[in-house]
Structures are given as structure tokens and as C-alpha cells.
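Novice:
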Amino acid sequence: MDSEKRACPVCGQPVETVVRRHKTLGAWVPTWVAGPCRNPTCAEYVPQGAEATEERPGRPAEHARHAGHLRKP
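Heads up, the final residue of the sequence shown is numbered 73 in the numbering used here, and it's a clean run with no missing numbers.
Right under this line is the structure:
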């Protein structure tokens, strides 16, 4: 874990550090990133308890499932 202090890119308010993960060579690797901004006057404000949505590169959600994983009637 790193000791870097994170700040909101919009308002500069300190934010918590959260762990995200990505897959590299078949293993999940942790990445520490800035969490959501809790400053109510900020444009990027996320209320406590609300999930911050993370945009992920790749296919749209309707195509994300593999046909072999769908339930058969």
C-alpha cells in the first residue's frame, strides 16, 4: 500500500483511498485509487452510502455476458 494522500480533482478536498482491482496475466492485482468526494458543494459529490459508478472500458453491458452463461428456459 502506498502512503500517498489523495484529493478530489475538482475541489481539492482530501478523499479516502479505495482499492480497485484489475486482472493481469490471470491474477487479480490491487490498485489503490482516490475514493469518491464527500464535499456537498463539489460537482463530483457522492453521498455517503451511495455507490460511485466506475466506467469500465470494454463492451456495453448488454453484450458483456457470454452466451454460455445465460440460463436456459
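We put the CB at the ideal spot given by N, CA and C, even for glycine.
From a predicted model like this one, the values you see are computed outputs, not experimental measurements.
Taking all protein chains shown into account, do 16 or more other C-beta atoms lie within 10 angstroms of the C-beta of residue 64, making it buried, or fewer, making it exposed?
Specialist: Low per-residue confidence applies at residue 64: pLDDT is 49, beneath 50, and the placement is therefore not dependable, though the value from the model is reported in the following sentence. Exposed is the call here.
Novice: Between the Cα of residue 8 and the Cα atoms of 35, 27, 49, which residue gives the shortest distance?
Specialist: With distances taken between Cα atoms, residue 8 lies closest to 35.
Novice: Which residue from 48, 30, 29 puts its Cα closest to that of residue 38?
Specialist: The shortest C-alpha separation from residue 38 is found at 48.
Novice: For a quick check, are the C-beta atoms of residue 43 and residue 18 less than 8 angstroms apart?
Specialist: Not a contact, by the Cβ cut-off of 8 angstroms.
Novice: What three-state label does DSSP hand residue 14 in the structure shown?
Specialist: Residue 14 falls in the strand class under three-state DSSP.
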